[in-house]
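Read in order, the letters of the sequence shown correspond to residues 8 to 489 in this note's numbering. Backbone N, C-alpha and C fix where the C-beta goes; we use that ideal spot for every residue, glycine too. Read through the structure below, which is laid out as structure tokens, and then see the notes.
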Amino acid sequence: MSKNNLLSGRDRAMAELIEDYETARAQHTSIYMDAEDLADIAEWYDRNGRFDDAAEAIDYGLKLHPGNTSLLVERCYLNLDLFDLEEAKQAASEITEERPDVTILRARLLVEEGRMEDAELQLDTLEDKYSKENIIDVAYMYLSAWQYDRAAEWLSHWRWDKDDIEYCCVMADSLLNRKLYAEALPYYNKLIDSDPYHPQYWISAARCHVGMGEYGKAIDACDYALLSDERMGEAYGIKAYSFLELGNAEESVKCYEQAVKCNCLSPAYLNSVVGQLEIDKHEWEKAYRQFELALQQEEELTDPVTHSSIYSSMAICLHQLKNEEYEGQALDYCLKAIEIDYLNPDAHLLGGLLYAQRGEEDKAIEMWEEIGEYQDMPSTWSDIAAYSTEANLLDYAIQALEHLEKEDPDYPELHHRLTMTCLLAGKLEKAQQYNQRMGSLLSEKDIENIYHLLLALPNGQSAQALKSFLTESIVYKREKSE
Numbered sequence: 008m009s010k011n012n013l014l015s016g017r018d019r020a021m022a023e024l025i026e027d028y029e030t031a032r033a034q035h036t037s038i039y040m041d042a043e044d045l046a047d048i049a050e051w052y053d054r055n056g057r058f059d060d061a062a063e064a065i066d067y068g069l070k071l072h073p074g075n076t077s078l079l080v081e082r083c084y085l086n087l088d089l090f091d092l093e094e095a096k097q098a099a100s101e102i103t104e105e106r107p108d109v110t111i112l113r114a115r116l117l118v119e120e121g122r123m124e125d126a127e128l129q130l131d132t133l134e135d136k137y138s139k140e141n142i143i144d145v146a147y148m149y150l151s152a153w154q155y156d157r158a159a160e161w162l163s164h165w166r167w168d169k170d171d172i173e174y175c176c177v178m179a180d181s182l183l184n185r186k187l188y189a190e191a192l193p194y195y196n197k198l199i200d201s202d203p204y205h206p207q208y209w210i211s212a213a214r215c216h217v218g219m220g221e222y223g224k225a226i227d228a229c230d231y232a233l234l235s236d237e238r239m240g241e242a243y244g245i246k247a248y249s250f251l252e253l254g255n256a257e258e259s260v261k262c263y264e265q266a267v268k269c270n271c272l273s274p275a276y277l278n279s280v281v282g283q284l285e286i287d288k289h290e291w292e293k294a295y296r297q298f299e300l301a302l303q304q305e306e307e308l309t310d311p312v313t314h315s316s317i318y319s320s321m322a323i324c325l326h327q328l329k330n331e332e333y334e335g336q337a338l339d340y341c342l343k344a345i346e347i348d349y350l351n352p353d354a355h356l357l358g359g360l361l362y363a364q365r366g367e368e369d370k371a372i373e374m375w376e377e378i379g380e381y382q383d384m385p386s387t388w389s390d391i392a393a394y395s396t397e398a399n400l401l402d403y404a405i406q407a408l409e410h411l412e413k414e415d416p417d418y419p420e421l422h423h424r425l426t427m428t429c430l431l432a433g434k435l436e437k438a439q440q441y442n443q444r445m446g447s448l449l450s451e452k453d454i455e456n457i458y459h460l461l462l463a464l465p466n467g468q469s470a471q472a473l474k475s476f477l478t479e480s481i482v483y484k485r486e487k488s489e
């Protein structure tokens, strides 16, 4: 069970345990280890994103110590980290021993099912319910399940010394999880002052700097973490993201490669990153090949967002190659992406366009409406308007822009786009109304002249140029994780 900053991956005894274990496994020799030691090794692997290694350590431990509670607890948390609630519940059902960490685990499973009151009833069975140790463990349990208010409520049951290391750890992690980066950073700085060689403190500080857009400082913090633990792949991952944000793709890829070597990221993820960089350069064939390589290791893609984005990115590549024989496959990729992650915006947007181009306008609008409902924000409706314009569904594009106007009337270029879209749709009076809202950048005579020109040349160069302006907000970029 990960407690983030309360556990140090640099502890000498832990490092020696891992070294002994890995040496034996590499040499294919048996090694007897205590169950608790193997559980700690599995937890360390899990905390550092080495999920396969964690699973192997647990399996090895259970062969030596069948039914051991600590190992089964780690198996539960590993499956939760892999988004597999059913497997986690199965592992929990094999636990027969009752102790505080098992009680808290069972509460966590109830929280995952949305049974919050049942979880609290489970926690009521804890002996010395509000002991300091229980409060910390339960608070972290709620934090890991994104239940910040309940974590804060549990923390309120202890009179904390504000300089207490454990208190600083919990508060820092709580604020970081809520993306309150500026508030979390002073706590991490205090923790760093107390232990400058604790790599996880530096990693968490780096995350704060990333959240605040301070990418150079994030890279510096990661370098300090690597001084303490050169195997910390997470530091390379954050450095890679920071270099990417600073526009240094070459250094970014180098850092991602180091993260792969540290087993923090799978090679499939690296392929997906390189593929996205090729997309940014409009190198569609090169990008597609990278995504194909990623899918050859599909079993490594445990994160559904990344997994889904690979399929939607492949669809984008095929669509941009403008080969009609690929359009059916592109749509299939969009549908597969949605199957993996229903909230993938690129898959819904492009899928709608592909349906429209096949003449299935109802399905197109249905896909756009779905993503508009689930991600009801101005940028989503701006993209929907651009895609529906590309699909020549101009009335729906106007509806999307009008929806956007209700949410954010000051959205950039909004009334300009509304004016031009209405002109394309043959709605002169509406175009004049929206033109007035954007400060009359075009005179009424200009509006009428453009309108009549478009009527005279519906398929001509002028109409196409205007349509290109209206669809230029379509951006083929995978959303980056923090």
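In three-state terms, what does DSSP make of Gln283?
helix
How many angstroms separate the CA atom of Leu13 from the CA atom of Leu192?
Confidence at Leu13 is low in this model, with a pLDDT of 42, below 50, so its placement is unreliable and no value can be given for it.
Residue span of the alpha helix (DSSP H) that contains Ala99, given as start and end:
92-100
Residue-chain proximity (Tyr340, chain B), Cβ-Cβ < 8 Å:
The question asks about chain B, but that chain is absent: this structure has only one protein chain.
Member of Glu81, Thr76, Ala371 whose CA lies at the smallest distance from the CA of Thr103:
Thr76
Could you tell me the boundaries of the alpha helix (DSSP H) in which His410 lies?
401-414
Within its chain, find whatever has a CB closer than 6 Å to the CB of Leu162; leave out the 5 residues flanking it on each side and keep chain order.
Ala146
Going by C-alpha distance, which of Ser273, Val312, His164, Thr309 is nearest Leu300?
Ser273
Excluding the 5 residues preceding and the 5 following Lys293 in the sequence, name in chain order all residues of the same chain whose CB lies nearer than 7 Å to its CB.
Glu285
Cβ-based burial, Thr132 [other Cβ within 10 Å; buried from 16]:
exposed
Since Pro206 is in the alpha helix (DSSP H), which residue starts that stretch and which ends it?
206-218
Closest to Asp88 by C-alpha separation, out of Asp310, Tyr418, Asn351, Ser320, would be which residue?
Asp310
Quick one: what's got a C-beta closer than 6 Å to Ala61's C-beta in the same chain, skipping five residues either side?
Ala49, Tyr52, Asp53, Leu85
Quick one: residues in its chain with C-beta nearer than 6 Å to the C-beta of Asn196, no 5 flanking neighbours on either side, listed in chain order?
none
Return the CA-CA distance between Ile142 and Ala247, expressed in angstroms with no decimal places.
36 Å
With distances taken Cα to Cα, identify the nearest neighbour of Asp287 among Lys261, Ile323, Gln265, Met219.
Ile323
Limits of the alpha helix (DSSP H) - the one that Tyr194 falls within
188-201
DSSP three-state call for Gln364: helix, strand or coil?
helix
For a test of the three-state rule: what should DSSP assign to His289, helix, strand or coil?
coil
So which of Met384, Ile347, Ser395 has the shortest CA-CA distance to Gly366?
Ser395
Residues in its own chain within less than 6 Å of Lys169 by CB, not counting five upstream and five downstream?
none
Can you name the start and end residues of the alpha helix (DSSP H) that Ile245 belongs to?
240-252
Straight-line gap, Pro206 to Glu380 (C-alpha atoms, nearest Å)
41 Å
Tell me, to the nearest whole angstrom, how far the beta carbon of Ser315 is from that of Asn351; I am working on the premise that it is less than 8 Å.
5 Å
Of the listed residues Leu45, Asp402, Glu414, Tyr194, nearest to Gln382 (C-alpha basis):
Glu414
Is the beta carbon of Gly74 closer than 8 Å to that of Ala46?
no
Would you kindly check if the distance between the Cβ of Ala371 and the Cβ of Ala344 is under 8 Å?
no
Lys169 (DSSP reduced to helix, strand or coil):
coil
Range of the contiguous alpha helix (DSSP H) that encloses Ile142:
139-151
Beta-carbon separation of Arg185 and Met148 under 8 Å?
no
Can you tell me whether Arg166 is buried or exposed? The criterion is at least 16 other CB atoms within 10 Å of its CB, across all chains shown.
exposed
Between which two residues does the alpha helix (DSSP H) harbouring Lys268 extend?
256-268
Rounding to the nearest angstrom, what Cα-Cα distance links Ala407 and Leu400 in this structure?
11 Å
For Asn55, count neighbouring Cβ atoms within 10 angstroms of its own Cβ and tell me buried if that reaches 16, exposed if not.
buried
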